[in-house]
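Under the numbering used here, the letters of the sequence shown match residues 11 to 733, in that order.
Using N, Cα and C, we set each Cβ at its ideal position, and we do this for glycine too.
Here is the structure we will look at.
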Amino acid sequence: MARRALPLALVLLMLFSLTIGHVAGQTEADKQPSPERSTMYIWGDSGLDTGDCFNHFSSEGETEVGFGEYEDTENIDFSCPLDDALVAPMHLDSGGVISFKFGFLIQSSETSGGDELTLSFNRGGEVLASQEFPIPTFSDEQLTWQIEITENMTYWEQGSVPELNVQFSKPAPTFQECLDPNKAIAQCEPKFRIYYSDNNEGLDVGGTFPIVNASNQGGSSSDQDSEALSVGTGTLSGLVFSPWFIGLFAFVGFISLNRDRFQMGMVLEEEEDETSGDSSSEGETLVDSYRARVVTLCALYVAQGIPWGFITIAFLTFLADKGVGASELALMLTLGTLPWSVKFLWGPVIDRFQYPSMGRRRPWILLAQSGMIVVLASMMLIPNPEENVLTMAWMFLVYNIFTSLQDVSTDALAVDVLQPHEIEKVNSYMFTAKSVGGIIGGAGLGLVIGTLGIKGTILLQIPILVVIMLVPLLMTERPGEKRFPWSEGDAEDEVSSEERDFKEIVAKIKIAFSMRSAQLGILLSVVMSLSFFLIPVLPLLFVRELGWSVEQFNVTKGGFILVFTMLGYLAGGQLGKRFGGKSVIIYGALFTALTTALWGMSESMWSNGTFMMVMWSIRTFAWGLVTINIYSLVMRVTWSEVGGTQFTAYMAMMNLSSIIGYQLTDPISSRFDYPTLFLIAAVLETFVIFGALFIDPGETRRELATPSAANLGENSNGSTSTI
11 MARRALPLAL VLLMLFSLTI GHVAGQTEAD KQPSPERSTM YIWGDSGLDT GDCFNHFSSE
71 GETEVGFGEY EDTENIDFSC PLDDALVAPM HLDSGGVISF KFGFLIQSSE TSGGDELTLS
131 FNRGGEVLAS QEFPIPTFSD EQLTWQIEIT ENMTYWEQGS VPELNVQFSK PAPTFQECLD
191 PNKAIAQCEP KFRIYYSDNN EGLDVGGTFP IVNASNQGGS SSDQDSEALS VGTGTLSGLV
251 FSPWFIGLFA FVGFISLNRD RFQMGMVLEE EEDETSGDSS SEGETLVDSY RARVVTLCAL
311 YVAQGIPWGF ITIAFLTFLA DKGVGASELA LMLTLGTLPW SVKFLWGPVI DRFQYPSMGR
371 RRPWILLAQS GMIVVLASMM LIPNPEENVL TMAWMFLVYN IFTSLQDVST DALAVDVLQP
431 HEIEKVNSYM FTAKSVGGII GGAGLGLVIG TLGIKGTILL QIPILVVIML VPLLMTERPG
491 EKRFPWSEGD AEDEVSSEER DFKEIVAKIK IAFSMRSAQL GILLSVVMSL SFFLIPVLPL
551 LFVRELGWSV EQFNVTKGGF ILVFTMLGYL AGGQLGKRFG GKSVIIYGAL FTALTTALWG
611 MSESMWSNGT FMMVMWSIRT FAWGLVTINI YSLVMRVTWS EVGGTQFTAY MAMMNLSSII
671 GYQLTDPISS RFDYPTLFLI AAVLETFVIF GALFIDPGET RRELATPSAA NLGENSNGST
731 STI
């Protein structure tokens, strides 16, 4: 009971922290500009010679007397800056106008020369607009100032400070001027007064800004275009999240003291079967040659990684640079990930329908690769892809239907042809190969997208995929199989006598998922990628806010960062062997979350490119340690009788987790600023700890290795379910 209560208490504590944090951060957020808060209000102290004048975008304010003044009229020079610097970028409509209204009362000489009232609108030390206003004296005056938005005023980066500057210098009224009855009533004293937004004189004071969302900078009036937002302005302090991490440290400490109880030291990788024989490189077919198996499987995974790296790294960064908002980027990622979330449906299909004379899996692989090439070629027909994001997103969906089919068929091929002791090692090669494909598609194509354009870069991918397709096209799975339908072959139709029955396959899947650890594997898979909401935000942060070039970001994410992903995979496997897979998952997830949180709380260092790359690399490497051991953990709880289909189900749930993460992008990023987004992502990364904790890696084999379990699957001997 206590074991269940502790995680529940931590979750409730986190929810309470978020609620309190929102209330704490709401006031400051209300003072920041946004499309909904577009009016600047002027506030300040009553005595400007010793006090301050400032502005913000909240109507909730109060001053002492509704104005600030000097008891002098010479050498007046003061500014009213934004109370707090912009916490997020501000975009102004390039065809819009800033409309200011001011109230002044000036009691000075009208005949002794001097400088008229001059108002300036500044961004820090940069004067954006300035105008002189001759106004009457000794009476309240309402001024209106219209400022047309110029090119250098459309974008205000995070940390900018909009400010108003007021200058005036004239002598005090002369003796002759004071003989005027109206001036005499005012005691003819020199005075310079600016009215604030809460004045009691009925004067309108403030400025209306044509603020638009990031994707609507061009001034389009379309409501749909204005929905995409870079990030919000809500702020949650790191202290708000501290109870969660303090509790988590205590919880992980408790786990560490009870390692045996939670199977923390169990090695997840398969031991090599001494009786399985050596991995021979002799022969020409996949079942005969270890080298052929590795080359073919890795080539197919490279083919998956290239377009995925291009679209998720190079293309998304290109769109972010063109002003596309986070919600639209998240939609593209969501549609692209959707086929992977239901790819387990392919398993029974490719098991049921086969063309054995050309191989059990090869025809499906060739069909999938042909579809991938055709869809890429079809993207060439879309005019202005950067302006037709929705159309490209749907094409991305269709493309990934074929890619997921290839993935399922390739993994099924691996199950068929790999020897038992090769699976873990070759599996790591395959994931590394996919990362290599991602480097080619992300960093490689990202370097040339600015020169070749989107269509040119897509066209460049097609011959690469055609060359890779030659590998399975010219290879056969088993001796005697045909390379082409019209070729001659003498392969024995081993699968013709197999009973590939959907009903039977489903029955065995039910048995596999009746295990408690198998069910918890689904939970772990679903929570694994919730922090992926941060992925569409990163190009906005690096390119728009920090000023990185598109090429620089593409090379970093699509090259440097993917290298650390591969290193994490390789190191994770070794650490799992040494310390136990669950230990690496739990400690690695905690370390990753702390790194992400530290990254978010180090905003003052974000302008340092080296710091950003170091933090990104550490976080990526640590998450690679976690990821590869999660794969091994769910593989360990998979029943070999339906190994392919069950493992595919876990992979599908991981992709569903990615979709959920991408769908969290818009509601979270539109509400909170960048540092807070990192802190929220850190919390979501810790959910993996609870997902993995209660999984017993040995339960499936212990329970389903009995004679009764074997008899349940007797009717399907020889049938291979697929990933």
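Counted within 10 angstroms of its Cβ, other Cβ atoms place residue i as buried (16 or more) or exposed
i, result
"V477", "exposed"
"A659", "buried"
"E509", "Residue confidence for E509 is low, a pLDDT of 45 falling below 50, so the modelled location carries little weight and cannot support an answer."
"A260", "exposed"
"E695", "buried"
"P482", "buried"
"Q42", "buried"
"S679", "buried"
"S69", "exposed"
"I690", "buried"
"V636", "buried"
"V516", "exposed"
"R588", "exposed"
"D125", "exposed"
"M390", "exposed"
"K180", "buried"
"I256", "exposed"
"P473", "exposed"
"K201", "buried"
"M615", "exposed"
Opposing strand residues paired with residue i [DSSP bridges]
i, result
"M50", "G217"
"C90", "L174"
"M661", "M661 pairs with nothing; no bridge assigned."
"N132", "V137 and E173"
"F202", "Y80 and I116"
"G57", "E79"
"L102", "I221"
"W166", "M100"
"T243", "Answer is none; T243 lacks a bridge partner."
"K111", "T154 and G216"
"L376", "Bridge partners of L376: none, in fact."
"S179", "D125"
"C738", "Residue coverage of the chain in this structure runs from 11 to 733, which leaves residue 738 outside it and unanswerable."
"E142", "T128"
"F682", "G244"
Selected residue, minimal CA-CA separation from residue i, among the options
i, options, result
"P349", "V222, M405 and M485", "M405"
"G369", "R488, L400, T566 and V304", "R488"
"Q152", "N639, Q117 and L213", "L213"
"I316", "L249, L341 and G569", "G569"
"D706", "Q562, Q529, A581 and M100", "Q529"
"V96", "F328, H66 and E74", "Strictly speaking, residue 96 in this sequence is Leu, with Val absent from that position. Minimum Cα distance to L96 is reached at H66."
"L386", "F700, V644 and M402", "M402"
"G701", "N398, I640 and F688", "I640"
"H101", "G71, T164, E74 and T121", "T164"
"L48", "L129, V107 and K513", "In the sequence as displayed, the identity of residue 48 is Ser instead of Leu. Per the Cα distances, V107."
"I464", "T413, F697 and S388", "S388"
"E74", "Y80, W53, F64 and L604", "W53"
"F325", "G454, Q379, L534 and R372", "G454"
"L267", "L415, F255 and S593", "S593"
"S736", "V171, G263 and F657", "The chain is shown only over 11 to 733; residue 736 falls outside these bounds and no answer can be derived."
"G242", "L550, L127 and N618", "L550"
"T147", "E199, M485 and N410", "E199"
"M538", "A603, T306, Y684 and D676", "A603"
"R629", "G619, W649, L600 and T655", "L600"
"F143", "E396, V408 and V176", "V176"
Three CB pairs or more closer than 8 angstroms across the segment 441-452 and the segment 305-316: When Cβ pairs closer than 8 angstroms are counted between the two stretches, the segment 441-452 is seen to touch the segment 305-316, the count reaching three or more.
Does the structure place the segment 154-165 close enough to the segment 113-121 that three or more beta carbon pairs sit under 8 angstroms? In this structure the segment 113-121 does not lie against the segment 154-165, because fewer than three pairs of beta carbons, one per stretch, are closer than 8 angstroms.
The segment 92-99 in contact with the segment 207-218 per 3-pair CB rule at 8 angstroms: Segments in contact, no.
Per the contact definition of three or more C-beta pairs closer than 8 angstroms, is the segment 351-363 in contact with the segment 661-670? Touching, per the Cβ criterion.
Would you check if the segment 535-549 and the segment 670-686 touch, i.e. whether three or more CB-CB distances between them fall below 8 angstroms? Taking 8 angstroms as the limit for Cβ pairs, the verdict is that the segment 535-549 does touch the segment 670-686.
Does the structure place the segment 357-365 close enough to the segment 571-581 that three or more beta carbon pairs sit under 8 angstroms? The segment 571-581, when compared against the segment 357-365, does not touch it at the 8 angstroms Cβ threshold.
contact_flag[the segment 46-62, the segment 134-141] where n(CB pairs < 8 angstroms) is 3 or more: Counting Cβ pairs under 8 angstroms, fewer than three are found: no touch.
Touch test, the segment 451-460 against the segment 552-566, Cβ-Cβ under 8 angstroms, three pairs minimum: Verdict: yes, contact present.
The segment 642-650 in contact with the segment 320-334 per 3-pair CB rule at 8 angstroms: Short answer: they don't touch.
Take every Cβ of the segment 367-383, pair it with every Cβ of the segment 334-349, and state whether three or more of those distances are shorter than 8 angstroms. The segment 367-383, when compared against the segment 334-349, does not touch it at the 8 angstroms Cβ threshold.
Extract the residue ranges of the alpha helix (DSSP H) inside the segment 588-676, only unbroken runs of 4 or more that lie entirely within it. Taken in chain order, the complete alpha helix (DSSP H) segments of 4 residues or longer contained in the segment 588-676 are 591-610, 619-646 and 653-673.
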